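A.B. asks: The numbering of the sequence shown is my numbering, which starts it at -13 and goes up by one.
Quick one: the structure is below, and I'll ask about it shortly.
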Amino acid sequence: MLAIWAGLHTLILYFVAIQFINRHLCLLNANFAAKLEGIYGYCLMSIPLIPGPTFALSIKIVSRETVFDNEMRNLMFETYSLVVYKITKFNITPYYPNGSVQWENFVVLAIGCFFNVIAYSIIMYCGIKMHFNMQKMLARFSMAQQNIQKQLLRALVAQSIGPTIFLVFPAVPFLMSPLLPPLFDLNIDVQSGWIFCIFGSYSSFDTIVFMVIVK
């Protein structure tokens, strides 16, 4: 389940990035919109199927690691007062207690960070290009079409903000901090149930924002 969630999170992020690419190319070249109705559109929409399953599969493979199971049981008891015998978990500890690197976990975290950086780089690049070239791109459209295109751009920006606020920001401290070497002696020990409440708010936010912006 953890692997599926991580894969779907990456999938959603890349679908948003693909929408930015789509809008940017369509505004840049009106003829490109017709091409997206064929094989080019299918190829473009299939791109997220690469990073999503790849990240999910890497987590599934690494989650078999049992080195830290006893430590996790003790932590669950200290934090939640629960005695857990069978743990559904993904150990994101890339360093052993002696300070040596646990390469499997380290690589999985690095893959997750890499995929997120690529997706947000695409979103930022296309968003900035469309923002500064909007008037030039929309000059060939009618006023009604210009309003629609502006609404779609705002909706895309809002759709990228949604996953960022509700899916990425809450998880970043827990995913990035383990990459810091043990010499920093960083200790994070907090109850994380509130994160799932934030995760659950994403779908409603995305729908409401789209309905409010696009008229």
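Built from N, CA and C at the ideal position, the CB exists for glycine as well.
Please read these numbers as outputs of a predicted model, since none were measured by experiment.
Which residue's Cα is closest to the Cα of Trp180: Phe155, Phe196, Ile78, Val198?
C.D. replies: Phe155
A.B. asks: Using the DSSP secondary-structure output, state which residues sit across from Tyr81 in a beta bridge.
C.D. replies: Val87
A.B. asks: Would Val48 pass as a contact of Glu90 if the rule is Cβ separation under 7 Å?
C.D. replies: Cβ atoms of Val48 and Glu90: closer than 7 Å.
A.B. asks: Only counting the same chain, and skipping five residues up and downstream in sequence, which positions put a Cβ closer than 7 Å to that of Leu124?
C.D. replies: Gln132, Gln135
A.B. asks: What first and last residue would you give for the alpha helix (DSSP H) that runs through Ser187?
C.D. replies: It is not in any alpha helix (DSSP H) - Ser187 carries neither H nor E in the DSSP assignment.
A.B. asks: Please state whether the Cβ-Cβ distance between Phe152 and Gly98 is less than 7 Å.
C.D. replies: no
A.B. asks: Kindly list the residues whose CB is nearer than 7 Å to the CB of Asp192, restricted to its own chain and excluding five residues on each side of it in sequence; keep chain order.
C.D. replies: Gln145, Gly148
A.B. asks: Could you check the C-alpha separation between Leu13 and Leu138 for me, to the nearest Å?
C.D. replies: 11 Å
A.B. asks: Around the C-beta of Cys29, are 16 or more other C-beta atoms found within 10 angstroms, so that it is buried, or is it exposed?
C.D. replies: Classification of Cys29: exposed, given that the 10 Å Cβ count is below 16.
A.B. asks: If I follow the unbroken alpha helix (DSSP H) through Phe41, where does it start and stop?
C.D. replies: 37 to 48
A.B. asks: Among Leu11, Ser187, Pro39, which residue has its Cα nearest to the Cα of Met116?
C.D. replies: Leu11
A.B. asks: How should Cys112 be labelled, buried or exposed, when 16 other C-beta atoms within 10 angstroms of its C-beta is the threshold for buried?
C.D. replies: buried
A.B. asks: For the alpha helix (DSSP H) containing Ser32, list its first residue and its last residue.
C.D. replies: Taken as a continuous stretch (DSSP letters only), the alpha helix (DSSP H) holding Ser32 covers 25 to 32.
A.B. asks: Under the three-state reduction of DSSP, which class applies to Pro156: helix, strand or coil?
C.D. replies: coil
A.B. asks: Within this structure, are the beta carbons of Phe1 and Pro37 separated by less than 7 Å?
C.D. replies: no
A.B. asks: Between Gln5 and the rest of its own chain, which residues show a CB-CB distance below 6 Å, the 5 nearest in sequence each way excluded?
C.D. replies: Leu142
A.B. asks: Exposed or buried, Pro80, counting other C-beta atoms within 10 Å across all chains shown (16 or more means buried)?
C.D. replies: Burial check for Pro80: the Cβ neighbour count within 10 Å reaches 16 or more, so the residue is buried.
A.B. asks: If you drop the 5 nearest sequence neighbours on each side, which residues of the same chain put their C-beta closer than 7 Å to that of Leu(-3)?
C.D. replies: Pro34, Gly38
A.B. asks: Could you give the residue range of the alpha helix (DSSP H) that holds Ile147?
C.D. replies: 129 to 149
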